[in-house]
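Worksheet: the structure to be examined is printed underneath.
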Amino acid sequence: MNWFTKFLTSSIGQKLVMSLTGLFLISFLVVHLAGNLQLMADDGGVAFNTYAKFMTGNPVIKTISYGLYAMILLHAFQGLALWFKNRKARGSEKYAVKVTRGADGVATSAAKQMAVLGTLILAFLLIHMGDFWWAMKTEAVPMADCGGEPCQDLYTKVYASFKQWWVVAAYIVGMIALAFHLRHGFWSAFQTLGWNHPKYTPAINGAAWVIALVLPVAYAAIPLYMYFALPEMTTVPEMGGIFGS
Amino acid sequence: MIVGSSKSLQTDNCQLTTDNYSKMKLTLKIWRQKNAKSAGKFESHQVVAEEHMSFLEMLDVLNEQLISERKEPVAFEHDCREGICGTCSMVINGHPHGLMQGTTTCQLHMRHFKDGETIAIEPFRAQSFPLIKDLVVDRSAFDRIIQAGGYISVNTGQAPDGNAIPIEKDQALDAFNAAACIGCGACVAACPNSSAMLFTSAKVSHLAQTPQGEIEAQRRVLGMVNQMDEEGFGRCSNVTACEAECPKEISVTNIARMNREYLSASLTSDVMK
Ligand code: SF4
Ligand code: FES
């Protein structure tokens, strides 16, 4: 095995892959949220549709988005491989009584469940992509007017989805899983990079709390806002996606 | 307290030396397994212990009882019985070395248990620590990790030679704290992933922070991590259960240091394999 493959497949190398892809995905969450908060602009969707048009049309963003899909897959598959490896390392005979305590209650409980939380998030992602991204790629989305220019009316598509309670519920479950995953994941990513230091670790842990609370709450606010605060849709658009309308 | 008359001191002492210690009746649910191949099971035993006994002394009472009943005594490892050899490995009520923090099983006293309590006692369970008998497991994987780099290749002399080299105080303390690891394996037993990162990182940190050990630091970390992986230990996911259960309270900051050392050694050393 050459040194680089050996490095990447070693226990620390595999963790490095999780750490770097995880941090990249967190940065994506921030950008994605900033764009999507425009769904709450209350302007009939003009801001959001204009933004969506820019995001889907720009070649640089398109390239980055393929990188993003690769990162998600890498994070998921490496995570799965680690889960299998660790299960095997545990051995066949399990403890009859086992108490796991750790440095931080919440982070420790989340840490033990990272694979389960990750799977929930992946399931959520599949629903999310199926509903919007896949629908956008495969179906004719009605057009709207974006300040004089025609654009796909994705706003109405999202609106229609978020008027269904089970979609809103699925989003909330997904965001709760994300909150716990981020609380441990953010700290853990830095620890794996070797960044544990009396000057910075308290700040990293503080930031982990902020990220774990602010991002999921802000994401969950969008469907909640649309479900509770916006009027029922008068004309339901003819659109598919896995939840249809 | 102000020491009173010698009479009252005498009285205090007298109380201490009488055998008025509270006796405690305990039920032990203890793992019995003949060898690695046979199936194991829990066995229940009643034991009357005294609160000043150590956990191992309580097990001695059980074994004497078993021997007098012409039954096979429970196999468990022990040597120093003062918290330095790291052999007294067992999981007590779900905690390696028991509930108390910063102590080994031999330093755990029965006063921390309640009269009438049922105590579950199991061996350390991990794929890389195969069971030998009852509570005894084979921890030689740790020896092989040490053989893969946990040493200094030249003769570093005696203590006076070491003391002749000035080392910055904080660094010396850090190295010393890491050197406190007794290789007991509680970190592996506690870890939901059976990872040996805390042990390996303690050894890496200890040697990398001393001038004699620093020279071989890169080769050492590459060799030890490689051996740790080959032994089949799990991958650390930063649960920190190891630190919470370690009888020597080795910190996970050592794991971060090992990660740094490993990353830089992999990327910058001239070791090509
Ligand atoms: S790090 Fe702690 S728990 Fe692990 S082997 Fe060393 S002393 Fe035991
Ligand atoms: S018997 Fe030596 S540490 Fe417990």
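Chains as they are written, first to last, in my numbering: chain A, 248 to 492; chain B, 89 to 361. Every residue gets a Cβ at the ideal spot worked out from N, C-alpha and C, and that includes glycine.
So residue i contacts chain B; which residues on that side make the cut at Cβ distance below 8 Å?
i	result
residue 337 of chain A	213, 214, 215, 280, 281, 282, 322
Return the CA-CA distance between residue i and residue j, expressed in angstroms with no decimal places.
i	j	result
residue 373 of chain A	residue 341 of chain A	33 Å
residue 312 of chain A	residue 379 of chain A	15 Å
residue 127 of chain B	residue 176 of chain B	23 Å
residue 473 of chain A	residue 420 of chain A	17 Å
residue 331 of chain B	residue 278 of chain A	36 Å
residue 328 of chain B	residue 283 of chain B	11 Å
residue 478 of chain A	residue 428 of chain A	34 Å
residue 257 of chain A	residue 182 of chain B	30 Å
residue 260 of chain A	residue 350 of chain B	9 Å
residue 100 of chain B	residue 197 of chain B	Low confidence applies to residue 100 of chain B: its pLDDT is 46, below 50, so where it sits in the model is not reliable, and the reading given next is rough at best. Looking at the two C-alpha atoms, the distance is approximately 22 Å.
residue 215 of chain B	residue 320 of chain B	7 Å
residue 217 of chain B	residue 258 of chain B	35 Å
residue 129 of chain B	residue 376 of chain A	49 Å
residue 400 of chain A	residue 288 of chain A	15 Å
residue 407 of chain A	residue 470 of chain A	10 Å
residue 255 of chain A	residue 228 of chain B	27 Å
residue 293 of chain A	residue 292 of chain B	58 Å
residue 442 of chain A	residue 225 of chain B	34 Å
residue 249 of chain A	residue 454 of chain A	38 Å
residue 264 of chain A	residue 319 of chain A	11 Å
Can you tell me where the beta strand (DSSP E) with residue i in it begins and where it stops?
i	result
residue 290 of chain A	It is not in any beta strand (DSSP E) - residue 290 of chain A carries neither H nor E in the DSSP assignment.
residue 117 of chain B	111-120
residue 133 of chain B	129-138
residue 221 of chain B	219-221
residue 208 of chain B	206-210
Can you list, in chain order, the residues of its chain with a C-beta nearer than 6 Å to that of residue i? Leave out the 5 residues immediately preceding and following it.
i	result
residue 426 of chain A	459, 463
residue 424 of chain A	364, 367, 368
residue 357 of chain B	306
residue 297 of chain B	259, 262, 263
residue 199 of chain B	139
residue 324 of chain A	none
residue 301 of chain B	240, 295
residue 174 of chain B	270, 271, 272
residue 436 of chain A	266, 269, 270
Go through its chain and collect everything with a Cβ distance to residue i's Cβ below 7 Å, but skip five positions before and after it.
i	result
residue 102 of chain B	Residue placement at residue 102 of chain B cannot be trusted, given a pLDDT of 46 that sits under 50; the coordinates are not used to answer.
residue 93 of chain B	A caution first: residue 93 of chain B carries a pLDDT of 40, below 50, which makes its placement in the model unreliable, though a value can still be read off. If we look at residue 93 of chain B and ignore the five residues flanking it on each side, it has no Cβ neighbours.
residue 250 of chain B	244
residue 354 of chain A	430, 431, 434
residue 490 of chain A	In this predicted model, residue 490 of chain A has a pLDDT of only 49, less than 50, meaning its place in the structure is not dependable; the value taken from the coordinates is given anyway. These residues qualify, in order along the chain: 378, 408, 411, 414.
At a CB-CB cut-off below 7 Å, which residues of chain B make contact with residue i?
i	result
residue 346 of chain A	182, 183
residue 332 of chain A	322, 323
residue 324 of chain A	None at all; the shortest Cβ gap to chain B is about 14 Å.
residue 349 of chain A	327, 328, 329, 332
May I ask which residues mark the beginning and end of the alpha helix (DSSP H) holding residue i?
i	result
residue 398 of chain A	That residue, residue 398 of chain A, is in no alpha helix (DSSP H); its beta strand (DSSP E) goes 396-399.
residue 393 of chain A	It is not in any alpha helix (DSSP H) - residue 393 of chain A instead sits in the beta strand (DSSP E) that spans 390-393.
residue 234 of chain B	228-235
residue 337 of chain A	306-337
residue 342 of chain B	341-356
residue 314 of chain B	305-318
residue 251 of chain A	250-256
residue 289 of chain B	285-296
residue 382 of chain A	382-385
residue 452 of chain A	448-475
Residues of chain A with CB under 8 Å from residue i, in chain order?
i	result
residue 351 of chain B	259, 263, 440, 441
residue 316 of chain B	258
residue 208 of chain B	343, 344
Does the beta carbon of residue i fall short of 7 Å from some heavy atom of the ligand MG?
i	result
residue 164 of chain B	Looking at this structure, you won't find the ligand MG anywhere; what it does contain is the ligand SF4 and the ligand FES.
Quick one: residues in its chain with C-beta nearer than 8 Å to the C-beta of residue i, no 5 flanking neighbours on either side, listed in chain order?
i	result
residue 162 of chain B	118, 120, 147, 150, 151, 154, 222, 223
residue 171 of chain B	191, 192, 194, 195, 270, 335
residue 277 of chain B	177, 179, 184, 212, 213, 214, 217, 333
residue 280 of chain A	462, 465, 466
Note down, in chain order, every chain A residue with its Cβ under 9 Å from the Cβ of residue i.
i	result
residue 360 of chain B	249, 250
residue 143 of chain B	Correct list: empty, because the minimum Cβ distance to chain A is about 16 Å.
residue 110 of chain B	By Cβ distance, chain A contributes nothing, its closest Cβ being about 25 Å from residue 110 of chain B, past 9 Å.
From the beta carbon of residue i, is the nearest beta carbon of chain D less than 8 Å away?
i	result
residue 120 of chain B	The structure shown contains no chain D; its protein chains are A and B.
Find the residues of chain A that neighbour residue i, judging by a C-beta separation of less than 7 Å, and give them in chain order.
i	result
residue 341 of chain B	443
Give me the subset of the region 221-233 of chain B whose CB atoms are less than 7 Å from a CB atom of chain A, sorted by chain position.
Taking 7 Å as the Cβ-Cβ cut-off against chain A, none of the residues of the region 221-233 of chain B qualify.
Against chain A, which members of the region 128-157 of chain B pass a CB distance test of less than 9 Å?
Residues of the region 128-157 of chain B with a C-beta less than 9 Å from any C-beta of chain A: 128, 130, listed in chain order.
Residues of the region 352-369 of chain A with a CB closer than 7 Å to any CB of chain B: list them in chain order, please.
Here the close residues are 355, 358, 359, 361.
Residues, ordered as in the chain, of the region 414-443 of chain A that lie near chain B by beta-carbon distance below 8 Å:
Against chain B - using a Cβ distance shorter than 8 Å - the residues of the region 414-443 of chain A are 431, 434, 435, 438, 439, 440, 441, 442, 443.
Select from the region 189-202 of chain B all residues with a C-beta closer than 7 Å to any C-beta belonging to chain A, and list them in chain order.
Within the region 189-202 of chain B, no residue has its Cβ closer than 7 Å to any Cβ of chain A.
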